[in-house]
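Trainee:
Residue numbers (UniProt numbering): 1 to 365.
Here it is in structure tokens:
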């Protein structure tokens, strides 16, 4: 007989905005948030009702950063298991204080609530805006942010003891800015299909033992790579079967790996394979605007490397950037873009990530 999942009772130590709730009380609160709350609170209420219903799964939107956004079903059992793994990995027992500043439409925002209910955290909610800590005046044990929120919260990070950052890569410049801060800041790796993160790495260690710093997987996660060099994830507690990613990775130890970039972003230029993400990490030192590296078809090379910069075009700015890149010692000769395009505004996915494909089409077409 197939085993069915029973939703656990909310942890007795759970608090939402300073008040204790059990399953029944929380349903009434959720209705009130939908009816009377701000839009972000209404989305929290909608998720809480979905969590408390009799269904064994939650419908979740993917971000759309690597394809068309879609809705997928995630088992509540997997979400509970993910919460338990996070609590163990980051040492966050019951009565830990947490700040919720992410939109509850997406898996990261939903999981902050699930962790609180399952682990017994005392969680407060604030609007999911860029400067999320602006109206925060107490210290929290734990918080999750996007890189954009982190960048806009640096002056108040002393209010967070442990911070996880996901939903996009953390730039080299942002990593420099957080060095020396007391807050323990972790970049996470994961996706909607793995119920947020399955690995993390601290980006501001007191002593950097390994360079570059590898990701370390959470409990009950195994990793390998396939013939393309792409990461394969086996995490039976949070996902069914093997998950073959498009992320090119190097496994440095049994539980640790380095990311090189996405396989579908790899550029074959004259027989040399280029990883845009690695080139972008270097260029961050000299380009102040948002940018990305991609390619266009080329008769001689097959694909030629190009650079897209989010800025208003001027001949003077173009020539200055070309000179700076030409003189930049960190780039190998084949990593120098063959052409630079200025774009007034990049196309974005629904949750604010750069949509490379659409941006390229809108500029080149």
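C-beta: ideal position from N, C-alpha, C; glycine also.
From what residue to what residue does the beta strand (DSSP E) around residue 258 run?
Mentor: Run containing residue 258: 256 to 262, per the beta strand (DSSP E) assignment.
Trainee: Ignore the nearest five residues each way along the sequence and tell me which others in residue 169's own chain have a CB closer than 8 Å to its CB.
Mentor: Closer than 8 Å at Cβ, skipping near neighbours: 147, 187 and 277.
Trainee: Looking only at C-alpha atoms, which of 262, 269, 31 and 347 sits nearest to residue 189?
Mentor: The shortest Cα separation from residue 189 among 262, 269, 31 and 347 belongs to 262.
Trainee: Write down every uninterrupted run of the alpha helix (DSSP H) in the stretch 169 to 230 whose length is 4 residues or greater and which is fully enclosed by it, in chain order.
Mentor: Fully enclosed alpha helix (DSSP H) runs of 4 or longer: 172 to 177.
Trainee: Check each candidate in 103, 136, 171 and 75 and name the one with the smallest Cα separation from residue 386.
Mentor: The structure shown does not extend to residue 386, since the chain is modelled only from 1 through 365, so no value can be given for it.
Trainee: Could you compute how far the alpha carbon of residue 60 sits from the alpha carbon of residue 10?
Mentor: Near 21 Å, if we compare the C-alpha coordinates of residue 10 and residue 60.
Trainee: Would you call the CB atoms of residue 258 and residue 219 closer than 7 Å?
Mentor: No, Cβ-Cβ distance for residue 258 and residue 219 is not below 7 Å.
Trainee: At which residues does the beta strand (DSSP E) containing residue 306 begin and terminate?
Mentor: Segment 302 to 310, the beta strand (DSSP E) holding residue 306.
Trainee: Is the CB-CB distance between residue 342 and residue 354 below 7 Å?
Mentor: No, these two residues do not count as a Cβ contact at 7 Å.
Trainee: Compare the C-alpha of residue 32 against each of 48, 352 and 20 and name the closest.
Mentor: Taking only the C-alpha atoms, the option nearest residue 32 is 48.
Trainee: Report the option in 119, 177, 149 and 127 whose CA atom is closest to the CA atom of residue 167.
Mentor: If we check each option's Cα against that of residue 167, 149 comes out closest.
Trainee: For residue 279 versus residue 335, is the C-beta distance shorter than 7 Å?
Mentor: Their beta carbons are under 7 Å apart, which means residue 279 touches residue 335 by this criterion.
Trainee: With residue 32 as the anchor, note down where its alpha helix (DSSP H) starts and where it stops.
Mentor: Its alpha helix (DSSP H) spans residues 23 to 36.
Trainee: Is residue 139 buried or exposed, if buried means 16 or more other CB atoms sit within 10 Å of its CB?
Mentor: Residue 139 should be labelled exposed.
Trainee: According to DSSP, is residue 76 part of a helix, a strand, or is it coil?
Mentor: Of the three classes helix, strand and coil, the one that applies to residue 76 here is helix, per DSSP.
Trainee: Using C-beta distances below 8 Å, list every residue in its chain close to residue 57, excluding the 5 sequence neighbours before and after it, in chain order.
Mentor: If we look at residue 57 and ignore the five residues flanking it on each side, its Cβ neighbours are 73, 74, 75 and 76.
Trainee: From the DSSP output, read off the bridge partner residues of residue 57.
Mentor: DSSP, once it has assigned bridges, lists 75 as partnering residue 57.
Trainee: Is the number of C-beta pairs between the stretch 32 to 46 and the stretch 118 to 128 that are closer than 8 Å three or more?
Mentor: Contact holds: three or more Cβ-Cβ distances are below 8 Å.
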